[in-house]
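Residue 523 in the working numbering sits at position 57 of the sequence shown, with consecutive numbering throughout. A virtual CB, placed ideally from N, CA and C, is assigned to each residue, including glycine. Keep in mind the model is a prediction, meaning the values are calculated, not measured. In what follows, a structure is listed as structure tokens, so that the remarks can point back to it.
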Amino acid sequence: EVFFTQEVLFVKKGKIEVDFYDDERKYIVSKLISTGDVLLLASGGHGFRMIEQSEIIEVKQGPYAGDNDKTRF
Numbered sequence: 467e468v469f470f471t472q473e474v475l476f477v478k479k480g481k482i483e484v485d486f487y488d489d490e491r492k493y494i495v496s497k498l499i500s501t502g503d504v505l506l507l508a509s510g511g512h513g514f515r516m517i518e519q520s521e522i523i524e525v526k527q528g529p530y531a532g533d534n535d536k537t538r539f
């Protein structure tokens with residue numbers, strides 16, 4: 467049983483600005499990631515802005531929970 471989701475992202479192509487938030491939804495920092503970068507999202511929240519046309523591979527532990535594992539803010 468999965469109680470929370472962790473993600474790994476691989477940027478195949480492009481440039482993305484990532485906003486990071488703590489577990490209380492407080493903004494921490496923004497960083498640019500680009501082609502070849504790998505990002506581990508272990509806890510807290512995040513948001514993306516595509517700076518360039520991008521391709522991303524996302525890996526999560528399963529089973530897929532759809533929108534049930536997301537809190538939008």
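Straight-line gap, residue i to residue j (C-alpha atoms, nearest Å)
| i | j | result |
| --- | --- | --- |
| residue 498 | residue 505 | 11 Å |
| residue 519 | residue 503 | 15 Å |
| residue 579 | residue 483 | Because the chain in this structure spans residues 467 to 539, residue 579 falls outside the shown range and cannot be described. |
| residue 491 | residue 469 | 18 Å |
C-beta atoms of residue i and residue j nearer than 8 Å
| i | j | result |
| --- | --- | --- |
| residue 523 | residue 476 | yes |
| residue 510 | residue 485 | no |
Close Cβ partners of residue i (< 6 Å) along its chain, the five nearest in sequence each way excluded
| i | result |
| --- | --- |
| residue 507 | 473 |
| residue 521 | 478 and 479 |
Own chain, CB closer than 8 Å to residue i, minus 5 neighbours either side, in chain order
| i | result |
| --- | --- |
| residue 501 | 477, 478, 479, 480 and 481 |
| residue 512 | 484, 485, 486 and 487 |
Contacts around residue i, its chain only, beta-carbon distance under 7 Å, and the 5 residues preceding and following it disregarded
| i | result |
| --- | --- |
| residue 494 | 486, 487 and 488 |
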